[in-house]
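Residue numbers (my numbering), protein chains in the order written: chain A, 15 to 125; chain B, 81 to 195.
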Amino acid sequence: GEDVEQSLFLSVREGDSSVINCTYTDSSSTYLYWYKQEPGAGLQLLTYIFSNMDMKQDQRLTVLLNKKDKHLSLRIADTQTGDSAIYFCARTIYNTDKLIFGTGTRLQVFP
Amino acid sequence: NAGVMQNPRHLVRRRGQEARLRCSPMKGHSHVYWYRQLPEEGLKFMVYLQKENIIDESGMPKERFSAEFPKEGPSILRIQQVVRGDSAAYFCASSATGGARETQYFGPGTRLLVL
Chain A
15 GEDVEQSLFL SVREGDSSVI NCTYTDSSST YLYWYKQEPG AGLQLLTYIF SNMDMKQDQR
75 LTVLLNKKDK HLSLRIADTQ TGDSAIYFCA RTIYNTDKLI FGTGTRLQVF P
Chain B
81 NAGVMQNPRH LVRRRGQEAR LRCSPMKGHS HVYWYRQLPE EGLKFMVYLQ KENIIDESGM
141 PKERFSAEFP KEGPSILRIQ QVVRGDSAAY FCASSATGGA RETQYFGPGT RLLVL
């Protein structure tokens, strides 16, 4: 199937780390992405990982991929109030061009 | 380099009217994708186009919806005889070439409200 699942909400204190999780069902995924959507705005690409990688780090962002469990996570270090948004994981399927999106995780950062 | 542009940003239509949504891809991009986001949901793929060609329309409703990407000008998503269930945010994305390895860059979206 094409399902991509995420938890709906995450609340963290400013300065703590946030971990947003995503699971998918199709093992043919090739590229996996994390997008950020602020209220009323479009999607901003944060980072992506190839399916043959286990980890990718980009400044405050760390992506971990567990292919065996079909689990993807995004860790945001030193979370700031400006990180409050909805975070979508997405994947492509081998030999197609469309992105399959998760349901989104709403991250709330409080002081 | 301007990003993906969409207009209008907000569109209000009465039931039965037509909605036309426009998308100008990033400079140098010839591949366009349309996605729909219903309230409190993730984005769902609708259609993928290259210049003058529809490549994948597996996510398009069979009736009332059509899309084009002419040789000149923006891509157009057209919804005829709109119904309340069409109320959603419609996002356009573009990429330089097709394929799963190409990153898609998204526009700000058009928020359609059907009264």
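Even for Gly, the Cβ is constructed at its ideal location relative to N, Cα and C.
Values in this document were obtained by computation on a predicted structure and should not be read as measured data.
State the CB to CB distance for the pair residue i and residue j, rounded to an integer number of angstroms; the pair is presumed to be in contact (CB under 8 Å).
{"i": "Tyr62 (chain A)", "j": "Tyr38 (chain A)", "result": "The pair is not a contact, with the Cβ atoms about 14 Å apart (cut-off 8 Å)."}
{"i": "Phe125 (chain B)", "j": "Lys84 (chain A)", "result": "Phe125 (chain B) to Lys84 (chain A), Cβ: 20 Å. No contact."}
{"i": "Tyr185 (chain B)", "j": "Leu59 (chain A)", "result": "7 Å"}
{"i": "Gln51 (chain A)", "j": "Ile100 (chain A)", "result": "5 Å"}
{"i": "Cys103 (chain A)", "j": "Leu75 (chain A)", "result": "Wrong, their Cβ atoms sit about 13 Å apart, outside the cutoff."}
{"i": "Gly108 (chain B)", "j": "Ala176 (chain B)", "result": "6 Å"}
{"i": "Asp68 (chain A)", "j": "Leu57 (chain A)", "result": "That belief does not hold up - the Cβ atoms of Asp68 (chain A) and Leu57 (chain A) are roughly 25 Å apart, past 8 Å."}
{"i": "Ser41 (chain A)", "j": "Phe124 (chain A)", "result": "So it is not a contact: roughly 37 Å between Cβ atoms."}
Per DSSP, residue i is paired with what?
{"i": "Ala147 (chain B)", "result": "B:Leu157"}
{"i": "Ser25 (chain A)", "result": "A:Gln122"}
{"i": "Lys50 (chain A)", "result": "A:Gln58 and A:Tyr101"}
{"i": "His90 (chain B)", "result": "B:Arg191"}
{"i": "Arg102 (chain B)", "result": "B:Asn87 and B:Ile156"}
{"i": "Val77 (chain A)", "result": "A:Lys70 and A:Leu88"}
{"i": "Glu132 (chain B)", "result": "None, per the DSSP bridge assignment."}
{"i": "His111 (chain B)", "result": "B:Gln130 and B:Ser175"}
{"i": "Ala168 (chain B)", "result": "B:Leu192"}
{"i": "Val162 (chain B)", "result": "Answer is none; Val162 (chain B) lacks a bridge partner."}
{"i": "Arg116 (chain B)", "result": "B:Lys124 and B:Tyr170"}
{"i": "Gln20 (chain A)", "result": "A:Cys36"}
{"i": "Thr106 (chain A)", "result": "A:Leu113"}
Please work out which residues of its chain come closer than 7 Å, Cβ to Cβ, to residue i, disregarding the five sequence neighbours upstream and downstream, and give them in chain order.
{"i": "Gln117 (chain B)", "result": "Leu123, Ala168, Ala169 and Phe171"}
{"i": "Gly197 (chain B)", "result": "In the structure displayed, chain B extends from 81 to 195; residue 197 (chain B) sits before or after that span and is not available."}
Classify residue i: buried if its beta carbon has 16 or more other beta carbons within 10 angstroms, exposed otherwise.
{"i": "Pro150 (chain B)", "result": "exposed"}
{"i": "Gly15 (chain A)", "result": "Low confidence applies to Gly15 (chain A): its pLDDT is 48, below 50, so where it sits in the model is not reliable enough to give any reading."}
{"i": "Ala82 (chain B)", "result": "exposed"}
{"i": "Arg105 (chain A)", "result": "buried"}
{"i": "Ser155 (chain B)", "result": "buried"}
{"i": "Gly165 (chain B)", "result": "exposed"}
{"i": "Ala55 (chain A)", "result": "exposed"}
Going along the chain, which residues of its own chain have a beta-carbon closer than 6 Å to the beta-carbon of residue i, five neighbours each way excluded?
{"i": "Lys70 (chain A)", "result": "Ile63 and Val77"}
{"i": "Leu195 (chain B)", "result": "Arg94"}
{"i": "Thr117 (chain A)", "result": "Gln20"}
{"i": "Tyr47 (chain A)", "result": "Tyr62 and Ala104"}
{"i": "Arg191 (chain B)", "result": "His90 and Ala169"}
{"i": "Cys36 (chain A)", "result": "Gln20, Leu86, Cys103 and Gly116"}
{"i": "Ser104 (chain B)", "result": "Met85 and Pro154"}
{"i": "Arg120 (chain A)", "result": "Phe23 and Ile100"}
{"i": "Leu193 (chain B)", "result": "Val92 and Ser167"}
{"i": "Phe145 (chain B)", "result": "Ile159"}
{"i": "Met140 (chain B)", "result": "Met126 and Val127"}
{"i": "Glu182 (chain B)", "result": "Ser175"}
Go through its chain and collect everything with a Cβ distance to residue i's Cβ below 8 Å, but skip five positions before and after it.
{"i": "Gln130 (chain B)", "result": "Ser110, His111, Val112, Phe149 and Gly178"}
{"i": "Gln122 (chain A)", "result": "Phe23, Leu24, Ser25, Val26 and Ser98"}
Meets three-Cβ-pair contact criterion under 8 Å: the region 85–95 of chain B and the region 133–147 of chain B: Contact between the region 85–95 of chain B and the region 133–147 of chain B is absent, because fewer than three Cβ pairs lie under 8 Å.
Taking 8 Å as the cut-off, does the region 80–96 of chain A touch the region 16–36 of chain A (at least 3 CB pairs, one atom from each stretch)? Remark: three or more beta-carbon pairs, one from each stretch, lie closer than 8 Å, so the region 16–36 of chain A and the region 80–96 of chain A are flagged as touching.
Check whether the region 156–163 of chain B and the region 95–114 of chain B touch, using three or more Cβ-Cβ pairs below 8 Å as the test. Touching, per the Cβ criterion.
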